[in-house]
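Below is one structure, written out as structure tokens; the observations come after it.
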Amino acid sequence: MLNEARTYVEYVLQTGLHVRGGIDISTLPAFLGARYSLIDAEILGRSCILTIQTGEHDDTPATLTKHHELLKRRYPDRLIILLSDRVSNHNRHRLIGHHVAFIVPGNQLFVPVLAMDLREHFRSEREQSPEALTPTAQLIILAFLLNKIESGTTASALASLFRYSAMSMGRAINEVDTLGLVSVAPHGRFREVRFEVSRFALWDRVRPLLRSPVRKRRRVREVTGIPEMLLAGETALAERTDLSHPRIETRAIAASAWKALAKRYGLDHPAGWQEAEIELKTWTYDPALLGEGNLVDPISLWLSLPETSDDRIGAARDALLGQVGL
């Protein structure tokens, strides 16, 4: 039920429900400890306690109100929110009348004290004018520009495709929605993400917000047969154009994968004098998510290559956008 609550809160409020763990009930009156499990959580920066009824107790809304009042006195700095998998229509109206906050995943959320917080949350998001997209938001935009996703896909489908948590993907979708790059509308229990402009118009609008995915460059000893390492930099540029191959090969991996790969293959050990070296670039997102075969995708490659006075490299770099119709 906690997982369902997370998904539902993110869908309704477009912000995360952060569950921090259980709360010790040994100090509570025995009748409360016998009736509830208490979960420490946070919504919109507000600490709260989710109360989950245990056992076969079927307390009336009036009794639930008394119990919540007791918990408010015990935890005055927390919001007390009932989490239940079902509440009858009659009891729901009575809980609302008693001002008892509750969440029924997939059905209804009533936490009136969050209304002002929610307005301030969205106002602050609108007032922000970011100089660049976050890596996850950039990944969504590039995937559409590369025809790897279609307009009308859902937030959950994107999270699954790119192996991100629903919460992380939800934040990225909120970001591009706030910037007016997509429209987001409910579709059953899911959020549908629609690109309302053409690829070319989107590229024109988003180009100033895109940044190089490269986080760090390293010289490491060459190890063949590591599937996570895609050709990148001028090596990938040479593969995609008629540019000559550089002397040092360049490859790319996700920054999050560096430590594990370095330990497994000894990449962080200095190369011996007879060993070949490669340049390894760690990226803010996994290059394999948009890559093709053993090459990084052409738009990320274009972003990763700095402006240069070398006309040959500059012409080859510009040719990358023509390859994807931009």
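Residue numbering for the sequence shown is 10 to 335, as defined by this note's numbering. C-beta atoms are modelled at their ideal positions from N, C-alpha and C, and glycine is treated no differently.
Practice prompt. Please name the residue in H278, F209, L167 and Q147 whose C-alpha comes closest to that of V202.
Written response: Start at 1 with the first residue of the sequence shown, and residue 202 comes out as number 193. Of the residues H278, F209, L167 and Q147, the one whose Cα lies closest to the Cα of V202 is L167.
Worksheet item: In this structure, does DSSP put T69 in helix, strand or coil?
Response: The residue labelled residue 69 in the question sits at position 60 within the sequence shown. Coil, per DSSP.
Worksheet item: At what residues does the beta strand (DSSP E) containing I61 begin and finish?
Response: On the sequence shown, position 52 is the one that residue 61 refers to. Taken as a continuous stretch (DSSP letters only), the beta strand (DSSP E) holding I61 covers R55 to Q62.
Worksheet entry | Run of the beta strand (DSSP E) containing A110, from where it starts to where it stops | For the purposes of this step, residue 110 is taken as residue 101 along the sequence shown, with counting starting at 1. From DSSP, the beta strand (DSSP E) with A110 extends over A110 to V113.
Worksheet entry | Close-in-space but distant-in-sequence residues of the same chain around S35 (CB under 8 Å, 5 per side omitted) | Start at 1 with the first residue of the sequence shown, and residue 35 comes out as number 26. Exclusion of the five residues before and after S35 leaves G42 as the residues of its chain whose Cβ lies within less than 8 Å of its Cβ.
Fill in: T244 - DSSP class collapsed to helix/strand/coil
As a position in the sequence shown, residue 244 is number 235, starting the count at 1. T244: helix per DSSP, three-state reduction.
Fill in: Host beta strand (DSSP E) of T310 (start-end)
Here residue 310 refers to the residue found at position 301 of the sequence shown. Residue identity check: residue 310 is Leu in the sequence provided, not Thr. No beta strand (DSSP E) holds L310; the alpha helix (DSSP H) holding it covers P307 to S313.
Worksheet item: Run through DSSP, which three-state label would V28 get?
Response: The residue given as residue 28 occupies position 19 in the sequence shown. V28: strand per DSSP, three-state reduction.
Worksheet entry | Selected residue, minimal CA-CA separation from A297, among E205, L239 and L142 | The residue given as residue 297 occupies position 288 in the sequence shown. With distances taken between CA atoms, A297 lies nearest to L239 out of E205, L239 and L142.
Worksheet item: When you compare only the Cα positions, how much space is there between R220 and L312?
Response: Counting from one through the sequence shown, the residue named residue 220 turns up at place 211. Counting from one through the sequence shown, the residue named residue 312 turns up at place 303. The alpha-carbon of R220 is positioned some 6 Å away from that of L312.
Practice prompt. Could you please give the first and the last residue of the uninterrupted alpha helix (DSSP H) stretch that includes R15?
Written response: Here residue 15 is taken as the residue at index 6 of the sequence shown, counted from 1. If you look at R15, you'll find it in the alpha helix (DSSP H) that goes L11 to L22.
Worksheet item: If you draw a straight line from the C-alpha of H108 to the C-alpha of N98, how long is it?
Response: Here the question's residue 108 lines up with position 99 in the sequence shown. Here the question's residue 98 lines up with position 89 in the sequence shown. One C-alpha to the other measures close to 15 Å.
Item to complete: Determine the contact status of L104 and I52, defining contact as a CB-CB distance below 8 Å.
Response: On the sequence shown, position 95 is the one that residue 104 refers to. On the sequence shown, position 43 is the one that residue 52 refers to. A distance of 8 Å or more separates the beta carbons of L104 and I52.
Worksheet item: Does the region 112-123 touch the region 140-152, meaning 3 or more C-beta pairs lie closer than 8 Å?
Response: Output reads no: the region 112-123 does not touch the region 140-152.
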